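Novice:
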Amino acid sequence: MSKPTDLVQGTLDLLLLRVLSLEPMHGWAIAQRIRQMSNEQLRVGQSALYPALHKLEQQGWIEAEWAASENNRRAKYYKLTAAGRKALKAETAQWERLSSAITLIVKPV
Amino acid sequence: MRWTRTLRLRLRSLLRSRRVEDELTEELQYHLQHLIDDHIAAGASPNDARYAALRDMGAMEQRKEECRDARGLRLIETIYGDVRYSLRQLRKYPVFTATAVLTIALGIGPNATIAAIISSVFRPLPVADADRLAVFATTISGNPRIWQRVAYPDLHDYRSSATPFADMAAWDLTSVSLTTDGSTDRLIATAVSGNYFSTLRLDPAAGRLILPSDGELGGTQPIAVLSHSYWSRRFGANSSVVGHEVRIDGRPFTVVGVAPEHFRGTFTLLSSEVYVPLELFESQDRLSNRDILAVRVIARLKPGVALDEARASIDTVATRLERDHAVTNNGRRVRVFWERQARPEPQNASQAPVLAALFLLLVGAVLLIACANVLGLFLAKGLGRGREMAIRRALGASRSDLIRLCVVEALVIAFLGACGGAIAGVALARSLASVAATPGFPLSLDPQFDWTTASYVGILMVVSTLVIGLLPALRASRVDPRSDLSEGKTATEGRRRQLIRKGLAATQIAGSVMLLVVCGLFIRSVQKLQSVDLGFDANRVLLASTDPGAVGYDAERARAFYESLDTAIESLPGIESAAASVFVPFGTGNSTPYIAAEGQPPPSSTTGLLADRHLVTGDYFKTIGTPLLRGRTFSNVDGKPSPRVAVVNEALAARLWPGEAPVGRRFRSNDDPEAPFEVIGVVPNAPYRRGEIGGPAVPRFFVSLDQFDGVARTLHVRSRTAAAATLASSVTEAVRRLDSAVPVYDVYTLERQINDSGSGFGAVRGAAAITGVLGVLALILALVGTYGVLSFTVRARTREIGIRMAFGLTPPRVFRMLLRESWTIGLFGVPMGLALSLAAGKVMEGFLFGVVAYDPVTLLTVVMLMAGISTLVGFLPARRAARTNPIETLRYE
Numbered sequence: 000m001s002k003p004t005d006l007v008q009g010t011l012d013l014l015l016l017r018v019l020s021l022e023p024m025h026g027w028a029i030a031q032r033i034r035q036m037s038n039e040q041l042r043v044g045q046s047a048l049y050p051a052l053h054k055l056e057q058q059g060w061i062e063a064e065w066a067a068s069e070n071n072r073r074a075k076y077y078k079l080t081a082a083g084r085k086a087l088k089a090e091t092a093q094w095e096r097l098s099s100a101i102t103l104i105v106k107p108v
Numbered sequence: 000m001r002w003t004r005t006l007r008l009r010l011r012s013l014l015r016s017r018r019v020e021d022e023l024t025e026e027l028q029y030h031l032q033h034l035i036d037d038h039i040a041a042g043a044s045p046n047d048a049r050y051a052a053l054r055d056m057g058a059m060e061q062r063k064e065e066c067r068d069a070r071g072l073r074l075i076e077t078i079y080g081d082v083r084y085s086l087r088q089l090r091k092y093p094v095f096t097a098t099a100v101l102t103i104a105l106g107i108g109p110n111a112t113i114a115a116i117i118s119s120v121f122r123p124l125p126v127a128d129a130d131r132l133a134v135f136a137t138t139i140s141g142n143p144r145i146w147q148r149v150a151y152p153d154l155h156d157y158r159s160s161a162t163p164f165a166d167m168a169a170w171d172l173t174s175v176s177l178t179t180d181g182s183t184d185r186l187i188a189t190a191v192s193g194n195y196f197s198t199l200r201l202d203p204a205a206g207r208l209i210l211p212s213d214g215e216l217g218g219t220q221p222i223a224v225l226s227h228s229y230w231s232r233r234f235g236a237n238s239s240v241v242g243h244e245v246r247i248d249g250r251p252f253t254v255v256g257v258a259p260e261h262f263r264g265t266f267t268l269l270s271s272e273v274y275v276p277l278e279l280f281e282s283q284d285r286l287s288n289r290d291i292l293a294v295r296v297i298a299r300l301k302p303g304v305a306l307d308e309a310r311a312s313i314d315t316v317a318t319r320l321e322r323d324h325a326v327t328n329n330g331r332r333v334r335v336f337w338e339r340q341a342r343p344e345p346q347n348a349s350q351a352p353v354l355a356a357l358f359l360l361l362v363g364a365v366l367l368i369a370c371a372n373v374l375g376l377f378l379a380k381g382l383g384r385g386r387e388m389a390i391r392r393a394l395g396a397s398r399s400d401l402i403r404l405c406v407v408e409a410l411v412i413a414f415l416g417a418c419g420g421a422i423a424g425v426a427l428a429r430s431l432a433s434v435a436a437t438p439g440f441p442l443s444l445d446p447q448f449d450w451t452t453a454s455y456v457g458i459l460m461v462v463s464t465l466v467i468g469l470l471p472a473l474r475a476s477r478v479d480p481r482s483d484l485s486e487g488k489t490a491t492e493g494r495r496r497q498l499i500r501k502g503l504a505a506t507q508i509a510g511s512v513m514l515l516v517v518c519g520l521f522i523r524s525v526q527k528l529q530s531v532d533l534g535f536d537a538n539r540v541l542l543a544s545t546d547p548g549a550v551g552y553d554a555e556r557a558r559a560f561y562e563s564l565d566t567a568i569e570s571l572p573g574i575e576s577a578a579a580s581v582f583v584p585f586g587t588g589n590s591t592p593y594i595a596a597e598g599q600p601p602p603s604s605t606t607g608l609l610a611d612r613h614l615v616t617g618d619y620f621k622t623i624g625t626p627l628l629r630g631r632t633f634s635n636v637d638g639k640p641s642p643r644v645a646v647v648n649e650a651l652a653a654r655l656w657p658g659e660a661p662v663g664r665r666f667r668s669n670d671d672p673e674a675p676f677e678v679i680g681v682v683p684n685a686p687y688r689r690g691e692i693g694g695p696a697v698p699r700f701f702v703s704l705d706q707f708d709g710v711a712r713t714l715h716v717r718s719r720t721a722a723a724a725t726l727a728s729s730v731t732e733a734v735r736r737l738d739s740a741v742p743v744y745d746v747y748t749l750e751r752q753i754n755d756s757g758s759g760f761g762a763v764r765g766a767a768a769i770t771g772v773l774g775v776l777a778l779i780l781a782l783v784g785t786y787g788v789l790s791f792t793v794r795a796r797t798r799e800i801g802i803r804m805a806f807g808l809t810p811p812r813v814f815r816m817l818l819r820e821s822w823t824i825g826l827f828g829v830p831m832g833l834a835l836s837l838a839a840g841k842v843m844e845g846f847l848f849g850v851v852a853y854d855p856v857t858l859l860t861v862v863m864l865m866a867g868i869s870t871l872v873g874f875l876p877a878r879r880a881a882r883t884n885p886i887e888t889l890r891y892e
């Protein structure tokens, strides 16, 4: 299981925002989706997941709503707000700049 | 947008914490359930699956804590915890808590009182856009005085030419007798121009208000508008009062409507109960005379116009008027003030803020002294808490945790104290406002716990918290667990800590010195005022005002009424003499025409001499005890048809006829230049106003009441015995016997008029009383504080003293050593206080009479008092120290 420190600082927020931009989902589903989308490379443990979600909610980038889940239990669904959508764009751009910069350095000549 | 959302979420987390907590648990449970399902799908037994899932999940509580952190709740929650802990702590030390809270309450209370009173004086008028209202005042070049009235023809010109103004209205105060259903009330009335209510933008509570269509000056129709409070009080708020007929000063008036609730007129200190047309209460001659400053003005600036712009436009018109009407307007200017800053009168625009600041400073000093006391308590307690803080540090509390705990503890004390102080202080302000009824002036203030007062108290609470919490907090944060836990602290503290505590006591002494000096200066002012030779003898004179005009007497009937009344009163037992006048010395009413000696150009405001005019009867001088220096007083031969005569004071005679005998000379006044007065007598100068005391004598002349048609008079009755007040009922009875309908009011002694009224010495005496109470309060607090510091020092130094005594220090020397400490505190505190009081004295110089800010008598008295007190306060702890038994203290180890 990958620890949050294995991720570059701030990338978890980006991942969460990206995943939530697909559709509203609850915490468990978010973790599953990140695993699938990264070809099982990234695993976000609940120890990092929930505090990060609560922080994003506090920042107003995502909002939460209780709804019935696929197994018919009450689950807390998170969805992106307009501010969150804007933040996602900015964070994505930021990430692309950063990763291409790192690639430039790390790539063998 | 985002911050409102954040705030909403935080509030939700805070206020509905149970719900949020539950949701958090549920969310994590849901996750756990999925984990379990996964493990089962992978083939584990339900029990194993649950176990594995819980292991994956890690510490649930820690996860929750992290989520709470993410919600930004930790600080709030910990502070909440600190508050609960502080409350528990404070409950554990009830005496400490009660002392600290009470001390802070004593400090905050006077602040709340003064703040509530100041706020009630400067509360905006209850009208739309009150911040656009301005008032006018007249100045004349070469004269430092500011007149609160404006000549009506000038106002007319300003109104038509000064464009920055939306409108300007004229008004004035008058007191009237209003009769309805057979009984008469003495009321404060406002005589208004037709646009008064429209300028203020008021709407009636019932019926209609006086309108511009009634006439520029309110019209000649006898209509009246009642105040809401009088309407409720007298007519039970019944709207059938509209159309009702009442008699005002004997004339029939029709009530057309009621002014809106809360509107009490445009004079701050009085509550106006009825509004009548200006035209019916001010003579046309005065209103059309450019030389007479006849009306007060309230004006409304157009939206967005700056005051300077308005002033400039008024100045332009004033310059034009100076040119066009040189005889009357030469050097005359009109000054514009914001209405709220010119209360109660435009003359006070510069004084009132100073006075308010002075009183806030004084009560602020009381609060600081109180805070210093509580700080002393905290520090003393903090010493015993060194261990507790050290243990907390050792158990992992951070420095900021300890600082926060100390500040929260201080906040709880300050909050409780502020609540208690605010409640008591505002209640005190309310009762002060209701008992401070000054003779002849129905003072009306309504101090409330309003926003202004509340925010001021809130600021003081924060300041108090910082004063009493910061130092203990810093000290707690410096705690070192190793040294503070290793041994019981019994050594004498370092010089620095002692210095802080003594510095605190010295500051308290300084504050109370300042308050005592300010109080002393006011007391000395009162003494000076009362020792002044007034030139008349106020003892044994009773005043009683009557107004037969209120019940329809004309001048002829009133004269007959007064003649019979005179006979009736003089035949009463115990009466030496009786007289009547229109105005009372040190009263609010006055009449000041311009005069000129015959043979000089006719008097106007630019060419004449401003003189005080009194209307009196022949026995007036005998009754108030002013000797006649030359000539005679009025007698029966000076009736209405005979030539007008006057008695003048020496100052007037010296100005009009320097070096010549005045009796037999004639002079004119500007309000009726066709009928000159012949001087028949001369009286010595006597101050009739507070401002005259200690200043140059004011030219004053007296004319016979019989030659004028004044129907409202104030009887002056001199008693044979000392107790003039006992005549009150018999004099009132004498009036009632003649005609029970004639109202009698303002019955009290002339001495009371002089000593207690606002225009007499009442304000200075009130200031002396208030600062006296504050001074004594401050002194007591400072005494308790100093005593606390000293006895704490003795307790903390017991071991040191024991050792010293074991080495041969004799008890008398111990005694002297500690007494010296008390004196040292005084030695630093008193000069500091004297410096402060010189500064305060400089500020209040304008409010003192015959006393300078550095009045040696006051300063010396306070210094002596302080010396005596610091000896007294030092005595007990020093004696206790001298009785220390060295063997016992050392064995205690």
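So the sequence lines, in the order shown, correspond to chains C and Z. As numbered in numbering that gives the first Met the number 0, residues 0 to 108 make up the first sequence, in order. As numbered in numbering that gives the first Met the number 0, residues 0 to 892 make up the second sequence, in order. Even glycine gets a Cβ: it sits at the ideal position worked out from N, Cα and C. Every value quoted in this text rests on a predicted model; they were computed, and no experiment measured them.
Tell me which same chain residues have a C-beta within less than 7 angstroms of the C-beta of S718(Z), skipping the five on either side of it?
Specialist: Around S718(Z): R539, L541, G573, I574, E575 and L726.
Novice: Around the Cβ of P626(Z), are there at least 16 other Cβ atoms within 10 angstroms (buried) or fewer (exposed)?
Specialist: By the 10 Å Cβ count, P626(Z) comes out exposed.
Novice: Compare the Cα-Cα distances from E597(Z) to each of A674(Z), E562(Z), E569(Z) and P695(Z) and report the closest residue.
Specialist: The shortest C-alpha separation from E597(Z) is found at A674(Z).
Novice: Any C-beta of chain Z sitting closer than 8 angstroms to the C-beta of P3(C)?
Specialist: Interpretation of P3(C) is limited by its pLDDT of 42, a score under 50 that renders its predicted location unreliable; the figure taken from the coordinates is listed afterwards. It does not; no Cβ of chain Z falls within 8 angstroms.
Novice: Ends of the alpha helix (DSSP H) at E408(Z)?
Specialist: Counting along the chain, the alpha helix (DSSP H) containing E408(Z) begins and ends at R398 to V434.
Novice: If we count the other Cβ atoms within 10 Å of its Cβ and call it buried at 16 or more, is Y619(Z) buried or exposed?
Specialist: Y619(Z) should be labelled buried.
Novice: What is the DSSP secondary structure of T591(Z), reduced to helix, strand or coil?
Specialist: Of the three classes helix, strand and coil, the one that applies to T591(Z) here is coil, per DSSP.
Novice: If you compare alpha carbons, which of L780(Z), W337(Z), E408(Z) and L859(Z) is closest to Q88(Z)?
Specialist: Of the listed residues, the one whose Cα sits closest to Q88(Z) is E408(Z).
Novice: Can you grab the Cα-Cα spacing for the pair D755(Z) / L292(Z), in whole Å?
Specialist: Taking the straight line from one Cα to the other gives about 29 angstroms.
Novice: Give the C-beta separation of G375(Z) and V788(Z) to the nearest angstrom, bearing in mind that I take them to be a contact with Cβ-Cβ under 8 angstroms.
Specialist: Contact flag correct, Cβ pair sits at about 6 angstroms.
Novice: List the residues that DSSP assigns as beta-bridge partners of R334(Z).
Specialist: Answer is A136(Z), bridged to R334(Z).
Novice: Does Q57(C) get closer than 8 angstroms to chain Z when you measure Cβ to Cβ?
Specialist: So yes, Q57(C) belongs to the interface.
Novice: Of all the CB atoms in chain C, is at least one closer than 8 angstroms to the CB of L27(Z)?
Specialist: True, the Cβ-Cβ gap to chain C drops below 8 angstroms.
Novice: Keeping to the same chain, check which residues put their C-beta closer than 6 angstroms to that of P276(Z); ignore five residues upstream and five downstream.
Specialist: For P276(Z), where only same-chain residues beyond five positions count, the Cβ hits under 6 angstroms are G217 and G218.
Novice: Nearest by alpha-carbon distance to G363(Z): which of S443(Z), S287(Z), E344(Z) and V456(Z) is it?
Specialist: Selected option, being the one with the closest Cα: V456(Z).
Novice: Listed from N- to C-terminal order along the chain, which residues in the region 16–49 of chain Z have their beta-carbon within a distance smaller than 9 angstroms of any beta-carbon of chain C?
Specialist: Within the region 16–49 of chain Z, the qualifying residues are E22, L23, E25, E26, L27, Y29, H30, L31, Q32, H33, L34 and D36.
Novice: Excluding the 5 residues flanking D55(Z) on each side, which residues of the same chain have their C-beta closer than 6 angstroms to its C-beta?
Specialist: Within the same chain, D55(Z) has close Cβ partners L34.
Novice: On the criterion of 16 or more Cβ atoms from any shown chain inside 10 Å, does K501(Z) qualify as buried, or is it exposed?
Specialist: Burial call: buried.
Novice: Tell me which residues share the same chain as K488(Z) and place their Cβ nearer than 7 angstroms to its Cβ, disregarding the 5 neighbours each side in the sequence.
Specialist: With a pLDDT of only 49 at K488(Z), under 50, the local geometry of the prediction cannot be trusted, and the value read off the model is given with reservation. If we look at K488(Z) and ignore the five residues flanking it on each side, its Cβ neighbours are G385.
Novice: Going straight from the alpha carbon of R558(Z) to that of V734(Z), what length do you get?
Specialist: So the two alpha carbons sit approximately 14 angstroms from each other.
Novice: Note the first and the last residue of the continuous alpha helix (DSSP H) segment covering E260(Z).
Specialist: No alpha helix (DSSP H) contains E260(Z), which DSSP labels as neither H nor E.
Novice: Between L27(Z) and R62(Z), is the Cβ-Cβ spacing less than 8 angstroms?
Specialist: Yes, the pair counts as a contact, with Cβ atoms nearer than the cut-off.
Novice: Going by the beta-carbon positions, is the gap between F707(Z) and V525(Z) smaller than 8 angstroms?
Specialist: Cβ distance not < 8 angstroms, so F707(Z) and V525(Z) don't count as in contact.
Novice: So, does the CB of R84(C) fall closer than 8 angstroms to a CB anywhere in chain Z?
Specialist: Taking Cβ atoms only, chain Z never reaches closer than 8 angstroms to R84(C), which makes this a no.
Novice: Would you say Q35(C) faces chain Z, with C-beta separation under 8 angstroms as the test?
Specialist: Not closer than 8 angstroms to any Cβ of chain Z, the Cβ of Q35(C) fails to qualify, so no.
Novice: Determine which residues of the region 36–52 of chain C have a Cβ less than 7 angstroms from any Cβ of chain Z, and write them out in chain order.
Specialist: Taking 7 angstroms as the Cβ-Cβ cut-off against chain Z, the residues of the region 36–52 of chain C that qualify are Q45, S46, Y49 and P50.
Novice: For the putative contact between S634(Z) and G617(Z), defined by C-beta atoms under 8 angstroms, what is the C-beta separation to the nearest angstrom?
Specialist: Contact holds; Cβ gap of about 6 angstroms.
Novice: Any beta-carbon of chain C closer than 8 angstroms to the one on P876(Z)?
Specialist: Not one chain C Cβ lies under 8 angstroms of P876(Z).
Novice: Since L737(Z) and F535(Z) are thought to touch, with beta carbons under 8 angstroms apart, how far apart are those beta carbons, to the nearest angstrom?
Specialist: Not really, about 28 angstroms apart at Cβ, beyond 8 angstroms.
Novice: By the DSSP assignment, the alpha helix (DSSP H) with E64(C) in it spans what residues?
Specialist: Here E64(C) belongs to no alpha helix (DSSP H); instead the beta strand (DSSP E) covers I61 to A67.
Novice: Spell out the partners DSSP gives F560(Z) in its beta bridges.
Specialist: None, per the DSSP bridge assignment.
Novice: By how many angstroms is the C-alpha of E732(Z) removed from the C-alpha of P251(Z)?
Specialist: Using only the alpha carbons, I get a separation of about 27 angstroms.
Novice: Give the range of the beta strand (DSSP E) segment to which I574(Z) is assigned.
Specialist: Here the beta strand (DSSP E) through I574(Z) covers I574 to S580.
Novice: Please look up how many angstroms separate the CB atoms of V333(Z) and T137(Z), rounded, as I've assumed it's under 8 angstroms.
Specialist: Indeed, because the Cβ distance is near 6 angstroms, the residues count as touching under 8 angstroms.
Novice: Just the chain C side, please: which residues come within less than 8 angstroms of A52(Z) by C-beta, in chain order?
Specialist: Chain C residues near A52(Z): none, gap ~10 angstroms exceeds 8 angstroms.
Novice: Where does F196(Z) sit, in a helix, a strand or coil, going by DSSP?
Specialist: The answer is helix: DSSP assigns F196(Z) an H, G or I state.
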